[in-house]
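Asker: Sharing a structure below in C-alpha cells format, with a few things to ask.
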Amino acid sequence: MSARWRYILHEALVGLRRNLMMTVAVILSVTVSLTLLGASLLLSDQVELATDDWVGKVEVSI
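Using this note's numbering, the letters of the sequence shown correspond one by one to residues 10 to 71.
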C-alpha cells in the first residue's frame with residue numbers, strides 16, 4: 010500500500026510541476042478569495058457592533 014501512495018504523490022507532484030502557472034493562479038485565487046471572505050466577515054461583525062452601540066445611545070424626543 011505504501012508504494013501506491015508514493016506513486017499517487019509522485020504523479021500529483023509531477024502534474025503540479027507541469028502546470029506551474031495554473032497552480033500559482035489557483036493558489037493566488039484561493040488566497041484572495043479567502044482574504045476577501047475573512048475581511049467581509051470582520052467588517053460585518055464591526056458594523057453590527059457599531060450599530061448596536063449607536064442604537065443604545067439614540068434618544069428620540071418629541
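A virtual CB, placed ideally from N, CA and C, is assigned to each residue, including glycine.
The structure presented is a predicted model; accordingly, all values stated were derived computationally and were not measured.
What three-state label does DSSP hand residue 67 in the structure shown?
Answerer: Residue 67: coil per DSSP, three-state reduction.
Asker: Could you give the distance in angstroms between the alpha-carbon of residue 47 and the alpha-carbon of residue 39?
Answerer: The alpha-carbon atoms of residue 47 and residue 39 are separated by roughly 12 Å.
Asker: Between the alpha carbons of residue 57 and residue 41, how many angstroms are there, rounded?
Answerer: Taking the straight line joining both Cα atoms gives about 24 Å.
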